[in-house]
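A quick write-up on the structure given underneath.
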Amino acid sequence: MSAFPRRTVEHATCLGCGCACDDIAVVVEGDRVAEAQNACALGLAWFGDGRVPGEVRVDGGPAPLERALARAAEILRAAARPLVYLAGDLSCEVQRDGVAIADRLHAAIDSLAATAAASVLAAQRRGRAAATLGEIRQRADCLVFWAVDPAARYPRYRSRYAVDPVGLQTPDGRRSRTVVAVDVGPARGPADADRRVTLAPADEVDALGVMRAAVQGRQGSDDPRFQPAVELAHELARARYAVIVADAEPLDAAPADPDRAEALVALAQALNGPTRCALSTLRGGGNRSGADAVLTWQTGFPYAVDFAPGYPRYRPHAGAAALLAAGEVDAALVLGAPASLPAAVAQGLGAVTAVAIGPRASAAPCRPAVAIDTGIAGVHDGGTAFRMDDVPLPLRPALPGPREAAATVRALRERLEA
Amino acid sequence: MSAPGRLRIAGGTVYDPANGVDGEVRDVCIEGERIVADVPADAPRLDARGMVVMPGGVDIHSHLAGTSVNHARRLLPEEHAAHPAPAPPFAGARSGTGGTLPSTFVTGYRYAALGYTTVMEAAVAPLGARHAHAELDDTPIVDAGCYMLLGNDEYLFRQIAAGETARARDYAAWLLEVTRGYAIKIVNPGGVAAWKSGGAPAAQRNVTGLDDPVGSSAVTPRRILETLADAANALGLPHPVHIHCNNLGRPGNAATTLATMRALAGRRAHFTHLQFHSYGEGAGWKSGAREVIEYVNAHPEVSVDVGQVMFGPATTVTADGPVEYLLHATSGRKWVNVDIELESGCGIVPYTYRERAAVAALQWAVGLELFLLARDPWRVVLSTDHPNGGTFFSYPELIRLLMDRAYRDAQLRRVNQKLLAGSALLDGLDREYTLGEIAIVTRAGPARLLGLPHKGHLGPGAEADVTVYAPDPDRARMFATPRYVIKAGELVVEDGQLRRAPAGRRLAVRPAYDAAVTRDLRRFFAAYATLAFENYGAAPAPPAPPGR
């Protein structure tokens, strides 16, 4: 038995992945999270015990906050080519201040949303055939998991949104739906699919093109390699509301194939001729979709923005990792959890003077010159976060944190604007 | 403590139609955030002699913030790249990008630089309300409100099917409260739900008239319109239902528009972007403006905004999903569709209106016909349905078309004539709007229709939102570059330059309702929603627990 009184924060939103499940009951004992009820394994790991360091460090040693902020401002003001990076576990409110700082500094800015670059660029070329997750729940009678089993990286996608729950037009839940797995090489769909279609990785994009042609009633392919795909295309066209689920986050740090992302959009759009279809692109956690939304509304571009000319310029192929690798950057401001940084960005930051403000900043492997630990958005800090389908949700912090990211970043912004 | 800021705008020619002032030389006095009858003689003066003084502009229908606007921004990086917007030269100013959907700060700056100080975001999916408010927080200077999309929402349909009109009303009130909304917006009632319910080829995934069943035979566009119009009026909302009719953009749709107006006869209702709903009956495209505006002229309970088409680039962005599918299919342009769970939709297609294109020329002419044949400017508001018919930056050009017949006739000769037979414009409409009428259709009228008693006029007690123009026979130039703009008593544009960008305020309603509806809503959420009832809406996010 614990000596601490227990209290529970209901309807908390988890940012462990892009599902942003908001049905978590966070049970707090004393200064730690004792339970995160309803959370999946990823969610349990994300909440952890809620304990985070509260250090403030300058050049590796402890320092008062005011000195750290002064030093951070000094570093950033002196930089010739500063970079701002919006890492994970930040609220949209802090992201907004982060973009303001980049604007002020004429800095480059990028975010964790860049991990889904292939899918974002495809959507910019062709558009989207999309739906919020709840619409998939209400309508989808035929679901194709395209080279992804959400169980690993989006554990509750199936149970909360797409497959199992009862919806308006799917009164029997899973039994109201046909689930098809498309296995592309080692990237396999769910094990319990009703049917499977297997494709060689080299055939994947061609197969999507052949399927689109079949949906549009154009000359398809007689190649036997594509016949199962063509049959799947016809099955989708016969559905009342088809949904294709694909992972927008790359596997094992390999960049996602831009042609594949675009072919998926094109197929989903074409299916809206004979029937309705939505493409559900899975995105990771930490409120990266919020970073995409905020950057888009403040600059017009979703990631990889450069304020160097005095206005936002889009450099989708020269984001943070590329700038760091080219040695262009001399100082960086990392907002959010350094532990969420993509490997290439984390590695590149090791070579520049960095300021890190966020959860466990003091433990950042890039050894920042200034590190200020804050709470985690959704565990200690409040604000707004976006689900992978761009639905905004409030955060319901359960614990007091070391200091709020919002107030800390605002204080830095005010110093830089003074 | 210093005295509240005072200012005497001295000697300008004042157009304040709400107070019966039509071009009189007089002073306008400001104390703090309000207009006052007088200020001491030693108060600071703004010399407005020879200039035209009007209340700040009020845009009754614009798409400037929120989920669908942001989807559209994300779709158009090439536009943003072509329209960089460096920060204006004042402390704290922000850079951004322009194009048909500017970034948020640029949107606020540009509205203010045009002399507009109040803007209504016309289509917010309640599910995305939190997002819309966050964007408006980053849209400076202008006061803004959000119209909440109803009329394709499953919960409403259930109440209509069950005959529960009182509960439907309570639901609408609850929704406006939790989303911090200002008015009820109806888009293609029933049609968006039909589009989302799937199956059937594209042509059948919509409703075509007021009596098509939507799922249940008890739910029809007519019943949706009646239920929500009655709810808005019973709740005493300052603005009535704001209606985007069925069959937008289709030849012959004037019949649907008139049927909708008749269905709501005797009820207050606002019909938006009327131009897109005023094409005449019979085969092919033709103007139906005359019959539609004649109905409006004869029915004082009806108000409209025009949704003028302006030649040049636009972006069509609407909750009317099936319309955008057709536009994509016919134009071949890129297309976004996002179905929004249990309540609405979103469709986006970039579009260009060309003078040489027959349909675009007809649309342009229909809009002008509506303006020029309207008898009561208080009920006919200037709009382009930004950015659908054109952007709000084209308002000055539109004002010139209305005020300058010679210019308008010259433009008319340039456009494709193929579909203009029967258009009243060809008969040589000689009307020219006066400055007083422009002041009505751009500020006094929309403020009154929105139920904003402190806006759109310059009487004592009004909010000190004032625009001062330098007269110019080229009315487009005159209205494009006001000399001074004052927002809530603060000078934001001086000598034609934006000088500061204070935050705007949010306009929202909180109608009273029977809270028993929330018990039923909780059950509905538990059965179908993908987020917690408690997390729905746009209430400020809860704070962190007390610090250590």
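Protein chains in written order, with this note's numbering: chain A, 765 to 1182; chain B, 132 to 679. Each residue gets a CB set at the ideal place from its N, CA and C atoms; glycine is no exception.
Beta-bridge pairing of residue i - partner residues as DSSP gives them
i, result
"C277/B", "E252/B"
"D190/B", "V250/B"
"A365/B", "According to DSSP, A365/B bridges with nothing at all."
"S234/B", "DSSP lists no partner for S234/B."
"P1158/A", "T1148/A"
Neighbour flag for residue i against chain A, beta carbons, 9 Å
i, result
"A660/B", "yes"
"S347/B", "no"
"P208/B", "yes"
"G163/B", "no"
"G142/B", "no"
"F236/B", "yes"
"T649/B", "no"
"A172/B", "no"
"R261/B", "yes"
"N283/B", "no"
"A331/B", "yes"
Beta-carbon contacts of residue i that lie in its chain and below 6 Å, excluding the five residues immediately before and after
i, result
"G411/B", "A385, K417, S418 and G419"
"A1020/A", "A882 and P1014"
"R1004/A", "D905"
"P130/B", "Residue 130/B falls outside the range modelled here, since chain B spans only 132 to 679, and no answer is possible."
"Y247/B", "G188 and D190"
"H373/B", "Y278, A314, K316, H401 and T403"
"V167/B", "C160 and P591"
"V979/A", "A997, A1001, A1034 and L1035"
"Y240/B", "L629"
"Y921/A", "C783 and P914"
"R901/A", "Y925, P929 and G931"
"T573/B", "G188 and L513"
Whether residue i touches residue j by CB criterion (9 Å)
i, j, result
"D1070/A", "I788/A", "no"
"A798/A", "D813/A", "yes"
"V969/A", "V908/A", "no"
"P508/B", "Y564/B", "yes"
"R487/B", "Q1062/A", "no"
"A836/A", "L1099/A", "no"
"G229/B", "E209/B", "no"
"Y667/B", "A660/B", "yes"
"A1149/A", "G1054/A", "yes"
"V790/A", "D1137/A", "no"
"L177/B", "V616/B", "no"
"A1103/A", "G807/A", "no"
Interface flag, residue i vs chain B, CB-CB below 9 Å
i, result
"F768/A", "no"
"T1060/A", "yes"
"G991/A", "Note that residue 991/A is Gln in the sequence shown, not Gly. Output row for Q991/A: interface = no."
"E1013/A", "no"
"G1122/A", "no"
"L847/A", "no"
"C781/A", "no"
"G931/A", "yes"
"P1132/A", "no"
"C778/A", "no"
"L1159/A", "yes"
Cβ-based neighbour list, residue i, same chain, cut-off 7 Å, excluding 5 preceding and 5 following
i, result
"G151/B", "none"
"G937/A", "D928, P929 and V930"
"E1026/A", "A886, R889 and R890"
"L556/B", "A496, L499, E500 and L543"
"V440/B", "Q406, Y484, A491, Q494, W495, G498, G520 and G521"
Residues near residue i by beta carbon distance below 8 Å, same chain, minus five either side
i, result
"K465/B", "L206, H459, V480 and P481"
"V847/A", "Val is not the amino acid found at residue 847/A; the sequence shown has Leu there. These residues qualify, in order along the chain: A871, A872, I873, D874, A1084, L1087, L1088, V1093, A1095, A1096, L1097 and V1116."
"R562/B", "L503 and R536"
Enumerated in chain order, which unbroken segments of the alpha helix (DSSP H) with a length of 4 residues or greater are wholly contained in the region 861-927 of chain A? Annotation note: the region 861-927 of chain A contains the following uninterrupted alpha helix (DSSP H) runs of length 4 or greater, listed N- to C-terminal: 881-890, 897-903 and 914-917.
Taking only runs of the alpha helix (DSSP H) that begin and end inside the region 340-390 of chain B, which ones reach a length of at least 4 residues, in chain order? DSSP runs (the alpha helix (DSSP H)) wholly in the region 340-390 of chain B: 352-365.
Complete alpha helix (DSSP H) runs within the region 441-504 of chain B (minimum length 4 residues, chain order): DSSP runs (the alpha helix (DSSP H)) wholly in the region 441-504 of chain B: 452-462 and 489-504.
Would you mind listing the alpha helix (DSSP H) stretches within the region 966-1015 of chain A that are 4+ residues and don't spill past its ends, in chain order? Qualifying alpha helix (DSSP H) stretches, in chain order: 968-979 and 991-1002.
List in chain order: all unbroken alpha helix (DSSP H) runs of 4+ residues lying wholly within the region 598-666 of chain B. Complete alpha helix (DSSP H) runs here, min 4: 606-611 and 648-659.
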